[in-house]
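Enquirer:
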Amino acid sequence: MRSLRLRLVAGAVVGILLALTLAGFVLVGLFEAHVRDRYQKELDDHLLQLVALLALDPTGKSHLTQDLPDPAFRRPFSGHYWQVRQGDRDLLRSRSLWDNTLALPPTPPPAGQLRATQLTGPRQQRLLVIERLIELPAAAQRPLRVAVAGETAVIDEAKRGFARVVVLSLASLGVLLAAASWLQIGAGLAPLRTLRHRLEDMRTGRSARVDGDYPVEVIGLVDDLNRLIDTQAREVERARINAAKLGHGLKTPLAVLAAEARSLRASGGASAAESIETEIDAMNAHVARALAAARAVGRRPAVGAKVDAMQVLDRLVSVMKRLPGGEHLAWTVSGSGALDRVPVHQRDLEELAGNLLDNARKWARTTISVAMARDGETLVLTVDDDGPSIPADRIEDVLARGIRLDRSVPGSGVGLAIVRDLADLHDGGLTLSQSPAGGLRAQVRLSLSAPAATRHASPA
Numbered sequence: 001m002r003s004l005r006l007r008l009v010a011g012a013v014v015g016i017l018l019a020l021t022l023a024g025f026v027l028v029g030l031f032e033a034h035v036r037d038r039y040q041k042e043l044d045d046h047l048l049q050l051v052a053l054l055a056l057d058p059t060g061k062s063h064l065t066q067d068l069p070d071p072a073f074r075r076p077f078s079g080h081y082w083q084v085r086q087g088d089r090d091l092l093r094s095r096s097l098w099d100n101t102l103a104l105p106p107t108p109p110p111a112g113q114l115r116a117t118q119l120t121g122p123r124q125q126r127l128l129v130i131e132r133l134i135e136l137p138a139a140a141q142r143p144l145r146v147a148v149a150g151e152t153a154v155i156d157e158a159k160r161g162f163a164r165v166v167v168l169s170l171a172s173l174g175v176l177l178a179a180a181s182w183l184q185i186g187a188g189l190a191p192l193r194t195l196r197h198r199l200e201d202m203r204t205g206r207s208a209r210v211d212g213d214y215p216v217e218v219i220g221l222v223d224d225l226n227r228l229i230d231t232q233a234r235e236v237e238r239a240r241i242n243a244a245k246l247g248h249g250l251k252t253p254l255a256v257l258a259a260e261a262r263s264l265r266a267s268g269g270a271s272a273a274e275s276i277e278t279e280i281d282a283m284n285a286h287v288a289r290a291l292a293a294a295r296a297v298g299r300r301p302a303v304g305a306k307v308d309a310m311q312v313l314d315r316l317v318s319v320m321k322r323l324p325g326g327e328h329l330a331w332t333v334s335g336s337g338a339l340d341r342v343p344v345h346q347r348d349l350e351e352l353a354g355n356l357l358d359n360a361r362k363w364a365r366t367t368i369s370v371a372m373a374r375d376g377e378t379l380v381l382t383v384d385d386d387g388p389s390i391p392a393d394r395i396e397d398v399l400a401r402g403i404r405l406d407r408s409v410p411g412s413g414v415g416l417a418i419v420r421d422l423a424d425l426h427d428g429g430l431t432l433s434q435s436p437a438g439g440l441r442a443q444v445r446l447s448l449s450a451p452a453a454t455r456h457a458s459p460a
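When we follow the working numbering, the leftmost residue of the sequence shown carries the number 1, and every step to the right adds one.
1) To which residues does DSSP link A116 through a beta bridge?
2) Assuming the contact rule is C-beta atoms closer than 8 Å, A442 and L432 should be a hit. Round their C-beta distance to whole Å, please.
3) Note down the Cα distance separating V154 from L133, rounded to an integer number of angstroms.
4) Apply the 10 Å Cβ neighbour rule to G402 and answer buried if 16 or more other Cβ atoms are within range, or exposed otherwise.
5) What does a CB cutoff of less than 6 Å around V383 pick up in its chain, not counting 5 residues either side in sequence?
6) Once you ignore the five residues that flank R407 on each side, which residues in its own chain have a CB closer than 6 Å to its CB?
7) Is it right to say F73 is buried, meaning 16 or more other beta carbons lie within 10 angstroms of its own, or is it exposed?
8) Any idea what DSSP makes of S94, helix, strand or coil?
9) Which residue comes first and which comes last in the beta strand (DSSP E) that contains R441?
10) Quick one: what's got a C-beta closer than 8 Å to P106's C-beta in the same chain, skipping five residues either side?
11) What did DSSP end up calling H426 once you bin it into helix, strand or coil?
12) Taking 7 Å as the limit between beta carbons, can you name the residues of its chain near R265, skipping five residues before and five after?
13) Evaluate the contact criterion for the segment 182 to 202 versus the segment 22 to 37: three or more CB pairs, one atom per stretch, below 8 Å.
14) Is it the case that the Cβ atoms of A330 and T366 are separated by a distance below 8 Å?
15) Leaving out five residues on either side along the sequence, give the residues of the same chain with a beta carbon under 7 Å from the beta carbon of R374.
16) What does DSSP give as the partner residues of A373 in its beta bridges?
17) For L102, does the three-state DSSP call read helix, strand or coil?
18) Which one or two residues does DSSP pair with G150 in a beta bridge?
19) Contact between the segment 117 to 129 and the segment 44 to 58 is defined here as three or more beta-carbon pairs at a separation below 8 Å; is this criterion met?
20) Our contact map puts K159 next to V9 with C-beta atoms below 8 Å; I'd like the distance itself, whole angstroms only.
21) At the level of alpha carbons, what is the spacing between H426 and P253?
22) Inspect the beta-carbon positions of L446 and V344 and report whether they are closer than 8 Å.
23) If you run the structure through DSSP and keep just helix, strand and coil, what is I16?
24) Would you kindly work out how many angstroms separate the C-alpha atoms of R38 and A23, rounded to a whole number?
25) Tell me the rounded alpha-carbon separation between S412 and D397.
26) Classify V51 as helix, strand or coil using the three-state DSSP reduction.
27) With burial defined as no fewer than 16 other Cβ atoms inside 10 Å of the residue's Cβ, what is the status of V175: buried or exposed?
28) Can you give me the C-alpha to C-alpha distance between L313 and M372, rounded to a whole angstrom?
29) Go ahead and pull the three-state DSSP assignment for H63.
30) Would you be able to state if there are at least three C-beta pairs under 8 Å between the segment 237 to 256 and the segment 217 to 228?
31) How far does the alpha helix (DSSP H) with A239 in it extend, from its first residue to its last?
32) Measure the alpha-carbon distance for V333 versus V317 and round it to whole angstroms.
33) Tell me, which residues are paired with R145 by DSSP?
34) Distance, Cα to Cα, I185 vs V14?
35) What first and last residue would you give for the alpha helix (DSSP H) that runs through L316?
36) Suppose you measure from the CA of P191 to the CA of Y214; what does that come to, to the nearest Å?
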């Protein structure tokens, strides 16, 4: 279970179920004890009535001066019975017993004390029996053992009815408590949702840091995140500066080697010069890609910044028209969608579009068509030219290593590879294919949402 909210709710529900189950058993047990005490008190009242109605006739025999008021003792097998015994002899019994007797325990209760027991009745039902030893005045005989019994089914039925009410009540209470737990846990996790939104704001450029008012349990995490963001920004900037220094430091030795290669070629060493120039081109390509990656990695848009993509594209096309070969080409530029406020870093867009346009300028014969479109959270830039294109079996080589297919065309041969690297950093990609104009179609897609490497699941 990966959801923190579901995990907490599950724990709360388990605790609620255990607590309500225990409470249910306790309530039913207390109710049963209360009903049993009341029932026993009722039987004791009948016993006292029976004792009050006992008398001796002139011959010394025990009898009742009148029947007990409760008619249940006169209805056969009603579940209410009484019996008077002296020693081992049954002297009197209720009409409800008919021809049966109560199988009382062989040992009578202690004198002056009430004893409650359970036994089986004449219809095999369970009976609660209370009995006392009494002595009638003027009776020179052994004490009388008086017993009154009632069915325990009354207790069981009351217990079942109460249990049904308890189950329904506690089930309703459990649902309410579970819903309250869901809401309470949701309120407790609200700061984490706020933190997630602040991180999203920071990634999309709406905020430079994780800000907001957080409880003490979360503020430490927020402070650590801000320190981590600052540390990472410093390390990325330091790495970018070091990469730039390294790239610029290599330019002079490479320029010297290129001059030596030209001198070698002029002196008749064309083969050796060709090998040296090939290695120089490869090193220049690596340096160019490393510098482009160093400029892009860790870059975040300025807070609240939105780029007018068409304005950037028009400016780049204007620059390309002034470069060698560009002034003789027919340029067509079009745009569709909301391009006036695109959430992408301007330098990234300039580098992506600039490399694509520059590559098309070098190879196009007469026309270049440029189209930019925005589809929701995706920005698509398509550049078509009518040049010689790239053979399908050489596309991956060009993108992977920056190979120059024609040395007569100036450049390092790394522009398209840089475009693909930058597109990958923006969770997008570069596609090369045959253009309808007969040359190369280069299409780059950029994701305008958070980069894939920074996406994560919601905590709640």
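Cβ atoms here follow ideal geometry from the backbone N, Cα and C, with glycine treated the same way. Note that the structure is predicted; figures quoted are calculated from it, not measured.
Expert: Taking the structure as given:
1) The partner list for A116 (beta bridge, DSSP) reads I130.
2) Yes, A442 and L432 are in contact; Cβ-Cβ is about 6 Å, under 8 Å.
3) Distance between the alpha carbons of V154 and L133: 26 Å.
4) With a pLDDT of only 49 at G402, under the threshold of 50, the placement of this residue in the model should not be trusted; the figure read from the coordinates follows. Its Cβ being crowded by 16 or more others within 10 Å, G402 is buried.
5) Taken in chain order, the residues that qualify are L356, A360, V370 and A442.
6) Its pLDDT being 48, under 50, R407 is placed unreliably by the model, and the measurement read from it follows with that caveat. Apart from the 5 residues on each side of it in sequence, R407 has no Cβ closer than 6 Å to any other Cβ in its chain.
7) Buried: at least 16 other Cβ atoms inside 10 Å.
8) Correct three-state label for S94: coil.
9) Note, R441: beta strand (DSSP E), L440 to S447.
10) Listed in chain order, the non-local C-beta contacts of P106 below 8 Å within the same chain number zero, local neighbours out to five positions each way being set aside.
11) In the three-state DSSP reduction, H426 falls in the coil class, being neither helix nor strand.
12) If the five residues before and after R265 are omitted, its C-beta is found closer than 7 Å to the C-beta atoms of A273, all from its own chain and listed in chain order.
13) Too few Cβ pairs lie closer than 8 Å, so no.
14) Contact: yes.
15) Within the same chain, G337, A338, L339 and V342 come within 7 Å of R374 by CB-CB distance, once the 5 residues on both sides are set aside.
16) The partner list for A373 (beta bridge, DSSP) reads S336 and V380.
17) In the structure shown, L102 sits in coil (DSSP, three-state: anything other than H, G, I, E or B).
18) DSSP, once it has assigned bridges, lists H80 and L128 as partnering G150.
19) By the criterion of at least three beta-carbon pairs nearer than 8 Å, the segment 117 to 129 is not in contact with the segment 44 to 58.
20) That belief does not hold up - the Cβ atoms of K159 and V9 are roughly 34 Å apart, past 8 Å.
21) Straight through space, the alpha carbons of P253 and H426 are spaced by roughly 33 Å.
22) Result yes, Cβ atoms of L446 and V344 sit closer than 8 Å.
23) Reduced to three states, the DSSP call for I16 is helix.
24) When rounded, the distance between both Cα atoms is 22 Å.
25) Below a pLDDT of 50, predicted positions are generally treated as unreliable, and S412, at 45, falls in that range; no measurement from the model is reported.
26) Taken through DSSP and simplified to helix, strand or coil, V51 comes out as helix.
27) With fewer than 16 other CB atoms across the displayed protein chains lying within 10 angstroms of its CB, V175 is exposed.
28) If I take the Cα positions, the gap works out to 9 Å.
29) Secondary structure of H63 (DSSP, three-state): strand.
30) At 8 Å Cβ cutoff, the stretches do not touch.
31) For A239, the enclosing alpha helix (DSSP H) starts and ends at V216 to A266.
32) Those two C-alpha atoms are separated by around 8 Å.
33) Per DSSP, R85 and L133.
34) Distance between the alpha carbons of I185 and V14 is about 15 Å.
35) For L316, the uninterrupted alpha helix (DSSP H) segment begins and ends at A309 to K321.
36) If I take the Cα positions, the gap works out to 6 Å.
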